[in-house]
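Those protein sequences? They're chains R and D, same order as listed. Last residue of the first sequence? That's 98 in our numbering, and every number before it is there in order. Last residue of the second sequence? That's 198 in our numbering, and every number before it is there in order. Glycine included, each C-beta is placed from N, C-alpha and C at the ideal position. Inspection log for the structure reproduced underneath, given as C-alpha cells.
2 protein chains.
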Amino acid sequence: MKDIILRLNKLFESRIRLGIMSILVVNDWVDFKYLKETLDLTDGNLASHLHSLEKNNYIHVRKGFIGRKPNTSFSVTDVGRKEFKLHLNALERLIKNI
Amino acid sequence: MKDIILRLNKLFESRIRLGIMSILVVNDWVDFKYLKETLDLTDGNLASHLHSLEKNNYIHVRKGFIGRKPNTSFSVTDVGRKEFKLHLNALERLIKNI
DNA sequence: TAAAGTAACTTTGCGTTACAAAGTACTTTT
DNA sequence: AAAAGTACTTTGTAACGCAAAGTTACTTTA
Chain R
1 MKDIILRLNK LFESRIRLGI MSILVVNDWV DFKYLKETLD LTDGNLASHL
51 HSLEKNNYIH VRKGFIGRKP NTSFSVTDVG RKEFKLHLNA LERLIKNI
Chain D
101 MKDIILRLNK LFESRIRLGI MSILVVNDWV DFKYLKETLD LTDGNLASHL
151 HSLEKNNYIH VRKGFIGRKP NTSFSVTDVG RKEFKLHLNA LERLIKNI
C-alpha cells in the first residue's frame, strides 16, 4: 500500500496543477490567459503553479506575440505527460486497492 | 472546468488521507496500528490525518480493547463514503476532460 | 517490584506551501 | 494622456505536513 502511495506524484496532489495538466495533455498549446480564466485563478497563483511545473520539466513555455500583444503559451513535455500518466495509474491502483 | 476542480475535495488532496480512505471504504473496521504500519507513518502524523477526517465526520472512531490491550479502530461514515465517491467522480471527470 | 514495552495519542517546532493583493514593466487602446 | 491589458514578481500571512519528543495509562517481562 505504501509503495502505491509513493507512486503518487507530489506535484499532482494540488487540484490546480492537476487541472493545468489535464488541460495541457489534451491541448497542444494553451496560453496564460486561457488557463487563468478557465481555472479562475489570480495571476500570481497561476504563475507560481506553472513555475513549479516548469521547474520540474513537466511543461514548456513559449513566449511570443499575438498581433502585438504579448502571449505566453504552455505545453506539456514528454516527461510531464509520462509522469501524469504514472500518477493516474497510481491513483487508479490506490482507489481500486490493487 | 473550474466547477469540476471545485468538486475535488480538499481533504482528499493529501495522499495519506486518500490512502486512509481507500483502505476504509473496503474494510469494516481498521485499527490504528494497521493503518500506521500499512501506510508507514509516525503516530503523530497518522493521528493528525485521522483527526481531520474525524472532524469532518468522514470517519468513526471506536475505542476498546483486544484482550487487555487498548485498541482504536476506524470506519468510514456514510458521509465519508459519499464524499469519497464524489471526489473520485470529480477526479474522473477532470482527467477525462468531460 | 522495577524496568521495559505497547497503544495511541498530544505537543513542539520547523520548513514548505498556497494564496491574495499589490507592485512592476511594457504595450495598446481610447 | 489616461486607462486597460499581459504576464509576471514580490510581499506577507495563514495553513499544512511532518518528525521527534513527551504523555497517559496500562501490561508484560525480568
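Contact between the segment 174-192 of chain D and the segment 109-124 of chain D is present, with at least three C-beta pairs closer than 8 Å.
Residues of the segment 37-60 of chain R with a Cβ closer than 7 Å to any Cβ of chain D, in chain order: T38, L39 and D40. By the neighbour-count criterion, in which 16 or more other beta carbons inside 10 Å mark a residue as buried, F174/D falls on the buried side. Within 10 angstroms of the beta-carbon of V76/R lie 16 or more other beta-carbons, which makes it buried. Taking each of I95/R, E13/R, N97/R and N71/R in turn and checking the Cα distance to K33/R, the smallest one comes out for N71/R.
For the pair S14/R and R115/D, the Cα-to-Cα distance works out to about 10 Å.
CA-CA distance, V79/R to Y58/R, rounds to 6 Å.
For G80/R, the three-state secondary structure derived from DSSP is helix.
Spanning the alpha carbons of M1/R and G119/D requires a straight line of approximately 8 Å.
Within the segment 14-28 of chain R, the residues whose Cβ lies closer than 8 Å to some Cβ of chain D are S14, R15, I16, L18, G19, S22, I23 and V26, listed in chain order.
Taking C-beta atoms under 8 Å as the contact rule, L39/R and V30/R fail to qualify, at a distance of about 11 Å. Close partners of L8/R in chain D (Cβ separation under 8 Å): R115 and L118.
Take R193/D, set aside five residues on each side of it, and the residues of its chain with a beta-carbon closer than 8 Å to its own are I104 and R107, in chain order.
From the beta-carbon of I195/D, the residues of chain R found nearer than 7 Å are S22 and L88. When Cβ-Cβ separations below 8 Å define contact, L91/R makes contact with chain D. Looking at the DSSP output, F165/D bridges to P170/D. For K136/D, the enclosing alpha helix (DSSP H) has its first and last residue at F132 to L139. By the Cβ-count criterion, R17/R is buried, with 16 or more other Cβ atoms from all chains shown falling within 10 Å of its own Cβ. With a cutoff of 8 Å on beta-carbon distance, I195/D and S52/R are scored as not near each other.
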